[in-house]
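In what follows, a single structure is set out as C-alpha cells and then discussed.
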Amino acid sequence: MLTVIALSIFSLIGSYAYLQKNYFFSFEYFFLFILAVFSIAGLPYCFDFIGVYLFLELQSLIFYTLASFNRTSSFSTEAGVKYFIIGAFSSGLLLFGISLIYGACGSLNFEVLRVLLFDSNFYNNYHIILCFFGLFLIFCSFCFKISAAPFHFWSPEVYEGSASSVSFFFAVVPKISLLGTLLHFCSFAFFEFSFFWEVLFIIFAFFSFSFGSFSAVCQKKTKKFLAFSSVTHVGFIIAAASTHSFSGMTNVFFYLFIYSFLSISFWSFITFLNAQCFFNRSSFLADFFLVNKQNFLLGGSLGLVLFSIAGIPPLSGFGAKFFSFISVVENGSIFLSFIIVLFAVISCFYYLRVVKWVFFDTSYANKGMLYQCKPFFSISFFESITFTSGLFFSCFLFIAPHFFILISHRITLALF
Amino acid sequence: MVVEKKSVVVFYKSLFCFFYFFGQMSERFKVPVLKTGKNNILRKFESCFVRLSYSMFFSILFFPFLGSLFAGFFGRFVGRKGSVFLSTFSIFISCFFSWFFFISSFYSPISFHFVLFPWMSVSSLFIYWGFLFDSLTYVILIVVTSVSLLVHLYSSSYIENDPHLPRFISYLSLFTFFMLILITADNFIQMFVGWEGVGLCSFLLINFWFTRIQANKAAIKAIFINRIGDYGLALGIFALYLAVGSVDYAIVFSYVPFLVQNSFYFFIFNFDIVSCVSLLIFIGAVGKSAQLSLHTWLPDAIEGPTPVSALIHAATIVTAGVFLLARSSPFIEYSSFILNVITFFGASTALFAATTGLLQNDLKKVIAYSTCSQLGYIVFACGVSAYHVGVFHLANHAFFKALLFLCAGSVIHAIGDEQDMRKIGGLAKLLPFTYSSIVIGSLALGGFPFLSGFYSKDIILENAYGAFSSAGHFSFFIGSVAAFCTSFYSIRLLYLTFLSPANGFKKRFENIHESSFAISFPLVCLAFGSIFFGFFIKDSFIGLGSSFFNQSIFIAPFHLNSFSGEFLPSHIKLFPSFMAIFGMFSSFLLFNLFRSELVFFKLNPYLRFFYTFFNKKWFFDKFYVEIFGQSGLSFAFQHTYSLIDRGFFEIFGPFGISNSTQFFSISFSFLSSGHLYHYLFSILIFIFSFSFFILSPFSFSPIFFVLIFFMM
C-alpha cells in the first residue's frame, strides 16, 4: 500500500497545478480536477484488478474531458478525440488481460493471486500461458497510461493539443501513482513471474529510450518536445524498475519525485510565458531563444532547470539518473547500463541545445520575436511560488535528498 | 626597495608560523617522552626540545618548498635579489639542520619515524604521509642540501642576466623539495611522488631556455626515457602491494623473508616474487641513475644551464636510483640472481661510459659521461652487496662531480659560451683559480691517492673482487679498465682546455676574467669537500664493523664481502690505483709528446672505426632512434592513431553517434504522423510480434490459436 504521505504529495502537486493561472474559468474544471486527483490518489489503494480497472477508467474519462476542455480550440477537441480512442483501445487491452488472468486463476484479488502463483503445481498447467499473456496485456495498458514507448503516441498529440495547464497536470501528477500501482501488483501478486516482467520492463525501457530521445532531437514544438523527453525519463525509471531489487524500486520513486519537481518548474515556466505574451509564445522551442536577454533571472533559472533535467552533476537531475544507473549496474545488467549511458548522452544534447538558444543564440532568424513580448513582465505570487519551489527542489535536492529517499523507501516497503 | 623588505618580513613571519604549526602538530603525535619522574619543569623542557627537533626535521623538508613558492609565485614582488636571497636562505636552513643531524648521527645513529596524516585509504591499502629519517637519509640529505645550497649561490651569479632568474631559482628549490620528499619517504608511494617530482623538475630545468630546440629535445628525451624506468618502478610497487599487501617500508622489509621461494603470476608468466620485484625496482633505478640501455638522456641533459647539470645530473637526481637500491636492500639481498644482474649492468655502464668519454669533444659531455661511468661503479657496488660503499662513493662523487661541472660552467661563463674543448685551450694562465679547482676535481675523480675518490673507488673494486664470484671478478677487471679510461680522459680534458696552446678566437680571450665571488665560493667549498670528505668520513661509513648505517642498510650475512675485501693480496688492492695513475701519465705523455701522432687515429681506417665508434657513443642513439623510434612512430601513426583513434573510435564513437542520431531522429519523426490509424496499427504490430515471441514455446498448443482468434 502506498502511504498517506504519498497521497498528500499528490494533492500538493495537484494544488500547485491548480494554482496555475488559466485563461478559462469555469467551475466544472475545478470539479473535474479534484475528481481526477481523487481517482489518481485512490488507485494505489486498490487490492484487486476490478478496483484498478475502475479507478483507471474514472481517471481516463476525466482526462479525456480535460483534454478537450478548451471547446473553442479545434486542436483541443482533436486531442480529446484521439486520446479517447486510443485510451479506449488500451482499456480494452487491460480488460482482456484481466479477464485472461481471471480465466486462468479464478480470482482477481492480489493476495489470492500471490498465494496461487507460489504453488509450483500451477506451472505444469496451460494456465500459465494465459497468465503470461494477461500480464503482458495489462503491462501494455499501463505503459500506455504512463506513455512508455511504443505506446507513447498519444502523449505528444494530447500535450500539444490541450491547454497548457491541463498538459501540465497530465505530465506531472498521474505517473507516480500509475507506476506505483504497476510495481505493486508486479512485485506483490506476480512476484513469481519476476523473470518475465523484468524482461518486459527492459524491453519497454529500451523502446522508451530510443523513441523518446530520437524523436525529441528533431522536435521543434515545446510541448511535444516535453512529451518525448518525458518518454525518455520513463525509460530511465522503468530501467531502474527492471532490476527488481529493493534499491532499484526505491530509486524508481526517487526519480519520480525529482522528475515531478523538474516538470513542475519547467511546465510552470511555459504556462506563465504563455499567459504573459501577446500571442501564444512558447509553442515552439525556438521561441525560448534569448529569454536571458529579456529577463536575466528568468533565463538563469530556466538554464538551471534545464541543466538539472539534462543531468549535469551538482543538480538533482543528475542524482536521479545516477541512482537509476547505479541500481542497474548493481544488478549486473551491463548491456542495459551501457544503453542508458548512450541515451543519457543523447538526451543531454537536446536539453543543452535549448540552453544554448536561451543564452547564446544570436543568429536565429526571428529576432523580431524578442520585441513582441513585454521586456519586463511581472509574475504573480502563485506562479512565482510554483516556479521557484520547483526550481529549488530540482537544483538542490541532490545535496540533501534524505527526506525524499526516506519517502521512496517507505513506499517501496509498502509495495511488497 | 621597500617592497622587498616588506616581503622579507612576511617571509620571516611565515617562518615562525611554520615552526609554531609543527610544534603544535607534534603535540598530537603522542610520541613517548622519556619519563623524568615528577619534575614537571624538566618534562616541559624536554617536550620543548622534542618539539624543536620535530620543527627541525620538518623545516629541512619544507623550507625549500617555501622558498620555491616565494620565488615562483611572488618573484615579481620580491624582486630578483629578493627571490634569490629567500630561496638560498631557505636552503641554507635546510642544509644547516641536515648537517646537524648528520653529525649527531655519528654519536647516536638513531632513526626517526613520523606519521603525519592519512593520504589514501582504499579497502586494505593505507598510505600515510610519513617521514623516515635514518642514517641513509642523513647522508643523502647533506649531499642534496649542500650541493643545492652551493648551486643556488652559484646560479645567482651564473644566470644573473637572464630575465627569468626567479623562475629558475624556484625550479631549483622545488627540485630540492621533491628530492627531499623522495629520500625521507617512509613508503614506496610517497617515494614515488618525489621520484616523479624530480623527473618533472628535471624536465623543467633542462628546458629552462625553452627557445632552444636542442634543450627541448634533450628535455623531452630525459622525461621520455625516465618514463620507461618509472613504468618499471610503478609495476614493481604494484607487484609489491600484490605480494605483501602494503607499501610501507617497515612492513614490506620485515615481510621479505617469508616471501622467499614464493612465486606469483606476472604477465601470465610464473616468477619468483622477490626476483621479479627486485628486477622491476632495478629497472626504475636504471632509468633514474642512467645505467646502460637507459643512459642516453644523461649526456644530452647537459643542454640545460650548467648549474642544473651540477645539481641534478651530477649530484642528486642520478643518486635517486642508487638511493632506491640501497633503501630496498632488505628486498634485493634475497635474490642473488638479480644482484648479479645489477653487478653486470653497473660494470658494463662503467666501461661503456668511460670509453665513450675518451673521445668526446664537448667539455660538459665528457663530465656527463664520467658521471655515467661513476654511477656504474656505484651500482655494481650495490650489486656486490656493498651498499654502504656505494653510498660513500655517491657522497664523494657528488662533491667532486659538482665541482667539475661548476668549474666547467665557470670556464664556459668566462670564455663566452664555448663548450668545444678543441676551440678553447690555454686557459691555465688566464683562469688559475678555476684551473686549480678543476685539477682537484679531476684528481679526485680519477682516484688519485688520498683524495676522496680514492677511498671509495678502491673499496668498491676490493669489495667486487672480494665477492669471489664471476660477476665480482668481471666487474673488478672492467672497473680497473674504466679507472684507466677515467683518469685518461680527465687529463685529456685538462690538457685540451687549460694546458694546450690557445685554439679559440682572439675575441674570446680578450675579455676573459675570473668569475665573481658567488661563483668562486662554491668552488672553494666543493674543492675542500673533494679533498677531505672521503678521508674524514671513511671510518664511519666503511670502517670495518662500523655501526653508522645500523638498520637502514641490510646486508645478508652470506653477502658480506667487506672482510674478504679487506684481506686481499696487495697486488690486487693496488691494481686499480696503478691503472688510474698509469692512465694519467699515459694521457699526459701522449698529449704532451706525441701530439702530432694523434692525427694517425683519424687517418688510419681501422683506428678511425674505433674513433667513430667511441665518439658516436657506441651508436646507442642511432640504434634507438632507427629501430625503436622510427618503427614506433610509424606504428603509432599508421595503426594506433589513424586506424584506431581516428578510425574505429571516431566511427563508433562521437561522430557515429551524432550521425546515427540525426538519421534515427528523422526516421522516427515519420512515425509520429498524426494519424490515429498509424498509431493503433503500430501498437497492434508490437503486441502481435511480442505475443508471438512469448508464446512461441507453446506454439502448437490450441490455446495459442484461441488467443490469436480472440485478438483478431
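So the protein lines, in turn, are chains A and B. If you read the first sequence in the numbering used here, its first letter stands for residue 9, the second for the next number, and so on. If you read the second sequence in the numbering used here, its first letter stands for residue 6, the second for the next number, and so on. Every residue, glycine too, gets a C-beta built ideally from N, C-alpha and C. Values in this document were obtained by computation on a predicted structure and should not be read as measured data.
{"Asked": "Endpoints, the beta strand (DSSP E) within which His118 of chain B is located", "Found": "117-127"}
{"Asked": "Bridge partner(s) assigned by DSSP for Ser545 of chain B", "Found": "Its beta-bridge partners do not exist; DSSP assigns none."}
{"Asked": "Beta carbon proximity, Phe4 of chain B to chain A, threshold 7 Å", "Found": "Chain B is shown from 6 up to 717; residue 4 of chain B falls before or after that span and cannot be answered."}
{"Asked": "N- and C-terminal bounds of the beta strand (DSSP E) containing Trp134 of chain B", "Found": "130-138"}
{"Asked": "Neighbour flag for His223 of chain A against chain B, beta carbons, 7 Å", "Found": "Rather than His, the amino acid found at residue 223 of chain A in this sequence is Ser. For Ser223 of chain A, the answer is yes, since a Cβ of chain B falls inside 7 Å of its Cβ."}
{"Asked": "Residue range of the beta strand (DSSP E) that includes Phe274 of chain B", "Found": "274-277"}
{"Asked": "Test: Leu297 of chain B CB closer than 7 Å to a CB of chain A", "Found": "no"}
{"Asked": "Straight-line gap, Asn231 of chain B to Gly87 of chain B (C-alpha atoms, nearest Å)", "Found": "34 Å"}
{"Asked": "CB contact flag (Ile517 of chain B, Tyr392 of chain B, <7 Å)", "Found": "no"}
{"Asked": "Contacts that Cys148 of chain A makes with chain B (C-beta to C-beta distance below 9 Å)", "Found": "Ile688, Phe691, Ile692, Phe695"}
{"Asked": "Opening and closing residue of the alpha helix (DSSP H) in which Phe271 of chain B lies", "Found": "Premise fails: Phe271 of chain B lies in the beta strand (DSSP E), 268-271, not in any alpha helix (DSSP H)."}
{"Asked": "Unbroken alpha helix (DSSP H) run spanning Ile577 of chain B, endpoints", "Found": "575-598"}
{"Asked": "Bridge partners - Phe292 of chain A, DSSP secondary structure assignment", "Found": "A:Lys229"}
{"Asked": "Option nearest Leu137 of chain B by Cα separation, candidates B:Arg56, B:Tyr339, B:Ala190, B:Phe97", "Found": "B:Ala190"}
{"Asked": "Distance between Glu36 of chain A and Thr240 of chain A (C-alpha atoms, nearest Å)", "Found": "33 Å"}
{"Asked": "Cβ contact check for the segment 378-390 of chain B and the segment 634-645 of chain B: 3 or more pairs under 8 Å", "Found": "no"}
{"Asked": "Any C-beta of chain B under 7 Å from that of Cys226 of chain A", "Found": "yes"}
{"Asked": "Beta-carbon proximity list for Trp623 of chain B, same chain, < 7 Å, skipping 5 on both sides", "Found": "Phe357, Thr361"}
{"Asked": "Beta-carbon neighbours of Pro2 of chain A, restricted to chain B and to distances below 8 Å", "Found": "The displayed coordinates of chain A run from 9 to 424. Any statement about residue 2 of chain A would go beyond what the structure contains."}
{"Asked": "Nearest residue (CA-CA) to Ser221 of chain A, options A:Phe204, A:Lys329, A:Val207, A:Gly243", "Found": "A:Gly243"}
{"Asked": "Beta carbon proximity, Lys364 of chain A to chain B, threshold 7 Å", "Found": "no"}
{"Asked": "Option nearest Pro437 of chain B by Cα separation, candidates B:Glu631, B:Leu448, B:Ala419, B:Val630", "Found": "B:Ala419"}
{"Asked": "Phe287 of chain A to Ala422 of chain A span [Cα, whole Å]", "Found": "The pLDDT assigned to Phe287 of chain A is 48, lower than 50, so where the model puts this residue is not dependable; a value taken from the coordinates is nonetheless given after this. Rounded to whole angstroms, Phe287 of chain A to Ala422 of chain A spans 47 Å at the Cα level."}
{"Asked": "Cβ neighbours of His426 of chain A in the same chain (closer than 6 Å, five flanking residues each side left out)", "Found": "With chain A represented from 9 up to 424, any question about residue 426 of chain A goes unanswered, as that position is not in the structure."}
{"Asked": "Buried versus exposed call for Arg600 of chain B [16 or more other C-beta atoms within 10 Å across all chains shown]", "Found": "exposed"}
{"Asked": "Beta-carbon proximity of Phe580 of chain B to Ser485 of chain B, cut-off 7 Å", "Found": "yes"}
{"Asked": "Pick from B:Ser696, B:Ser677, B:Ser694, B:Phe697 that is closest to Phe233 of chain A, judged by C-alpha positions", "Found": "B:Ser677"}
{"Asked": "Separation of Ser207 of chain B from Ile228 of chain B, as counted between CA atoms", "Found": "8 Å"}
{"Asked": "Inter-stretch contact (C-beta, 8 Å, three-pair minimum) for the segment 657-670 of chain B and the segment 107-121 of chain A", "Found": "no"}
{"Asked": "CB of Val78 of chain A within 7 Å of CB of Ala171 of chain A, strictly", "Found": "The question names Val, but residue 78 of chain A is Asn in the sequence shown. Cβ atoms of Asn78 of chain A and Ala171 of chain A: closer than 7 Å."}
{"Asked": "Residue ranges of each alpha helix (DSSP H) within the segment 184-231 of chain A, 4 or longer", "Found": "202-225"}
{"Asked": "Cutoff 7 Å: Phe107 of chain B Cβ touching any chain A Cβ", "Found": "no"}
{"Asked": "Beta-carbon contacts of Lys40 of chain B that lie in its chain and below 6 Å, excluding the five residues immediately before and after", "Found": "Interpretation of Lys40 of chain B is limited by its pLDDT of 46, a score under 50 that renders its predicted location unreliable; the figure taken from the coordinates is listed afterwards. Nothing listed; no residue qualifies."}
{"Asked": "Arg81 of chain B, buried or exposed, once every other Cβ within 10 Å from all chains shown has been counted against 16", "Found": "exposed"}
{"Asked": "Within chain A, the residues that Gly658 of chain B reaches when beta carbons sit closer than 9 Å", "Found": "Going along chain A, no residue has its Cβ under 9 Å from Gly658 of chain B, so there is no contact; the nearest lies around 11 Å."}
{"Asked": "Per-residue contacts from Lys90 of chain A into chain B (C-beta, under 7 Å)", "Found": "Leu681"}
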